[in-house]
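Protein chains: 2
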Amino acid sequence: MQSAPHIVVVDDHGDIRDLVGKYLAQQGYRISVAESGTALRRILERGAPDPIVLDVMMPGEDGLSVCRQLRSTMQLPIIFLTAMADDTDRIIGLELGADDYLTKPFNPRELLARIRAVLRRVNSLPPNREAIKAKTVQFDHWQLDVGRRELIGGDGVGIALSTAEFRLLKAFLEHPGLVLSRDQLLDLTAGRSADCFDRSIDNQVSRLRKKIELDPKNPAIIKTHWGGGYSFSAEIASA
Amino acid sequence: MQSAPHIVVVDDHGDIRDLVGKYLAQQGYRISVAESGTALRRILERGAPDPIVLDVMMPGEDGLSVCRQLRSTMQLPIIFLTAMADDTDRIIGLELGADDYLTKPFNPRELLARIRAVLRRVNSLPPNREAIKAKTVQFDHWQLDVGRRELIGGDGVGIALSTAEFRLLKAFLEHPGLVLSRDQLLDLTAGRSADCFDRSIDNQVSRLRKKIELDPKNPAIIKTHWGGGYSFSAEIASA
DNA sequence: GCCGTTTGTCGCAGAGTTGTGCCTGACCAA
DNA sequence: TTGGTCAGGCACAACTCTGCGACAAACGGC
Numbered sequence: 001m002q003s004a005p006h007i008v009v010v011d012d013h014g015d016i017r018d019l020v021g022k023y024l025a026q027q028g029y030r031i032s033v034a035e036s037g038t039a040l041r042r043i044l045e046r047g048a049p050d051p052i053v054l055d056v057m058m059p060g061e062d063g064l065s066v067c068r069q070l071r072s073t074m075q076l077p078i079i080f081l082t083a084m085a086d087d088t089d090r091i092i093g094l095e096l097g098a099d100d101y102l103t104k105p106f107n108p109r110e111l112l113a114r115i116r117a118v119l120r121r122v123n124s125l126p127p128n129r130e131a132i133k134a135k136t137v138q139f140d141h142w143q144l145d146v147g148r149r150e151l152i153g154g155d156g157v158g159i160a161l162s163t164a165e166f167r168l169l170k171a172f173l174e175h176p177g178l179v180l181s182r183d184q185l186l187d188l189t190a191g192r193s194a195d196c197f198d199r200s201i202d203n204q205v206s207r208l209r210k211k212i213e214l215d216p217k218n219p220a221i222i223k224t225h226w227g228g229g230y231s232f233s234a235e236i237a238s239a
Numbered sequence: 001m002q003s004a005p006h007i008v009v010v011d012d013h014g015d016i017r018d019l020v021g022k023y024l025a026q027q028g029y030r031i032s033v034a035e036s037g038t039a040l041r042r043i044l045e046r047g048a049p050d051p052i053v054l055d056v057m058m059p060g061e062d063g064l065s066v067c068r069q070l071r072s073t074m075q076l077p078i079i080f081l082t083a084m085a086d087d088t089d090r091i092i093g094l095e096l097g098a099d100d101y102l103t104k105p106f107n108p109r110e111l112l113a114r115i116r117a118v119l120r121r122v123n124s125l126p127p128n129r130e131a132i133k134a135k136t137v138q139f140d141h142w143q144l145d146v147g148r149r150e151l152i153g154g155d156g157v158g159i160a161l162s163t164a165e166f167r168l169l170k171a172f173l174e175h176p177g178l179v180l181s182r183d184q185l186l187d188l189t190a191g192r193s194a195d196c197f198d199r200s201i202d203n204q205v206s207r208l209r210k211k212i213e214l215d216p217k218n219p220a221i222i223k224t225h226w227g228g229g230y231s232f233s234a235e236i237a238s239a
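The listed protein sequences derive, respectively, from chains A and B.
When we follow the UniProt record's numbering, the leftmost residue of the first sequence carries the number 1, and every step to the right adds one.
When we follow the UniProt record's numbering, the leftmost residue of the second sequence carries the number 1, and every step to the right adds one.
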């Protein structure tokens, strides 16, 4: 959680700039807005922002050419806004190196979700599939059957895990001991659903704890790091 | 600490100039006041100040145009004062290159906080992530596990660090030996909360010392530089 | 189409952390 | 030595973060 990310919104419509800017500022981001590619370049001179939200359709220089030009000089995450729901344009945008796109009219919440996803990806951990090549993994008094997505207790009794629980547990097993932020966990659990409220991770952790911890109130396997995230602190042995 | 920063307050209201000027002078800053853009330019001829506090609404030439003109000729931190609580205007200010803004009526303390934040940003140290690419760092009789956010003592016993403690220690490890001012430390520890009273750093240092120093009363690792800040003076080896 | 399961969201209460006030003691300059 | 400023440290308060129960929406099987 470094200092708040800096987002630049580029759109020729004042009302969209207002709406988006206001909403994102409210969410704690540092916002700059620009009405054209030229104005954007002026902002960029004063330091690189984290992601850029860029309208495709603008009079004069359009978003695609701005993107093309930016990409040639610097590595910046770009999220496109486009009025055209036509897939062709989406694909062109992504081909140019956009990290994501959104078609108007859009829900501000969804934009927020995309932005967070992009930011997550930028700070993402390298994957570590090695740890889990094995068919079963042992930790604490459990044995995880990766294929069956099932936990087997010391007494041989199996407990079924839901998809999300299994993904979360796998993310932990692939990065044992590390303190993982909620954003990283969202990323690791293949945060397919563009959900933005990372409190959902809290809930998943809570549910998982209820299944695997002897005493869920005093968790011994998944530890909480106040202000930091969670870590998996049990010994792991793959078989 | 170098010589006190020089702040120019530009507002057409005499009472605000007095109030703000008096308060900031009391805090140890060198203050100039101006009632208009013309007066500001006269002050600027005599040397560039550090930040400018600029009212948006002024008769004649307003703050926005003053800002636009300043930005075209020199690189100066600008903090806007605006009576309009409307977010649109805030964003317009940022678009023009303001570094921060404040809506009237404002708390002088908050203005102070913003000024300090801007000054911190201007004097900020370049980040030095290289030093800590390694997974663990050794110093004194400790070994810091960066991923686990844990200190391991010579006896192998781990000590958990809180988020703020970990950030502070990391800041020190990334700039070993350097005397870091409280402002720089606030900046390095991602001083998210724009709190102005740097005594909080003292407290963090105190808490950290209690955890890592053999004798917290006679600190050997984190040294105090009277009137200057703190420095990390242990040998560091990354593994 | 209905129903059970899963999963995200909300809201509140509790826990832990972190900032602030205040006092004491250390350091520096006359 | 004396006065002033700055740092250390304690304790409290405020704050933020987290845990979790409850609810609702989404999903999938039948």
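C-beta: ideal position from N, C-alpha, C; glycine also.
* Can you give me the start and stop residues for the alpha helix (DSSP H) that B:R30 sits inside? => No alpha helix (DSSP H) holds B:R30; the beta strand (DSSP E) holding it covers R30 to A34.
* Near-chain A residues of the UniProt DNA-binding region "OmpR/PhoB-type" (134-234) of chain B (beta-carbon distance less than 7 Å), N- to C-terminal order -> G147, R148, R149, S162, T163, A190 and R192
* To do: Using 10 angstroms around the beta-carbon of A:M74, count the other beta-carbons present and answer buried if the total reaches 16, otherwise exposed.
  => exposed
* Contact check, B:P51 vs B:I7, beta carbons under 7 Å -> yes
* Go through its chain and collect everything with a Cβ distance to B:R182's Cβ below 7 Å, but skip five positions before and after it. => D198, I201 and G229
* Asked: Run through DSSP, which three-state label would B:G63 get?
  -> helix
* State the DSSP-derived secondary structure class of A:L54, mapped to helix, strand or coil. => strand
* Asked: Do A:W226 and the ligand MG come close, with the Cβ less than 6 Å from some heavy atom?
  -> The ligand MG is not among the ligands present in this structure, which contains no ligands whatsoever.
* Spatial neighbours of A:G147 within its chain, please: CB distance less than 7 Å, with the 5 preceding and 5 following residues excluded, ordered by chain position. => K135
* What separation, rounded to the nearest whole angstrom, lies between the Cα atoms of B:V66 and B:V9? -> 13 Å
* **Whole-Å CB distance - B:D140 paired with B:I221, under 8 Å assumed** => 5 Å
* Asked: Where do the ends of the beta strand (DSSP E) carrying A:S206 lie?
  -> Counting along the chain, A:S206 falls outside any beta strand (DSSP E), though it belongs to the alpha helix (DSSP H) covering R199 to I212.
* To do: For B:K170, count neighbouring Cβ atoms within 10 angstroms of its own Cβ and tell me buried if that reaches 16, exposed if not.
  => buried
* Residues sharing a beta bridge with B:G14, DSSP -> Note: B:G14 sits in no beta bridge, so no partner.
* Asked: Smallest Cα separation from B:L64: which of B:Y23, B:T82 and B:L144?
  -> B:T82
* Asked: I think A:T189 touches A:R209, with their Cβ atoms under 8 Å apart; what is that distance to the nearest whole Å?
  -> A:T189 to A:R209, Cβ: 16 Å. No contact.
* To do: Classify B:V157 as helix, strand or coil using the three-state DSSP reduction.
  => coil
* With C-beta atoms as the reference, is B:I79 less than 7 Å away from B:V53? -> yes
* C-alpha gap between A:H225 and B:F172, whole angstroms -> 21 Å
* Asked: Under 7 Å between the Cβ atoms of A:A4 and A:G28?
  -> yes
* To do: May I have the straight-line CA-CA distance separating A:I152 from A:I159, to the nearest angstrom?
  => 6 Å
* Within 10 angstroms of its Cβ, does A:E174 collect 16 or more other Cβ (buried), or is it exposed? -> buried
* To do: Output the boundary residues of the alpha helix (DSSP H) element that contains B:D145.
  => It is not in any alpha helix (DSSP H) - B:D145 instead sits in the beta strand (DSSP E) that spans W142 to D145.
* Could you tell me the boundaries of the beta strand (DSSP E) in which B:E165 lies? => Here B:E165 belongs to no beta strand (DSSP E); instead the alpha helix (DSSP H) covers T163 to E174.
* **Contacting residues, own chain, Cβ-Cβ under 8 Å from B:L119 (five flanking each side not counted)** => P5, D50, P51, P77 and D183
* Asked: Any idea which residues DSSP pairs A:V137 with across the strands?
  -> A:L144 and A:S238
* Cα-Cα separation between B:S72 and B:L44, rounded to whole angstroms -> 14 Å
* Asked: Using DSSP with H/G/I as helix, E/B as strand and the rest coil, what is B:A4?
  -> coil
* To do: Pick out whichever of B:A237, B:D99, B:L185 and B:L111 has its Cα sitting closest to the Cα of B:G21.
  => B:L111
* Under the three-state reduction of DSSP, which class applies to B:I43: helix, strand or coil? -> helix
* **Inter-residue Cα distance where the pair is B:K59 and B:R41** => The question names Lys, but residue 59 of chain B in the sequence shown is Pro. Each residue's alpha carbon lies about 16 Å from the other.
* Output yes or no for whether 7 Å exceeds the beta carbon distance between B:V137 and B:S238. => yes
* Asked: Taking the continuous beta strand (DSSP E) assigned at A:I79, which residues delimit it?
  -> I78 to T82
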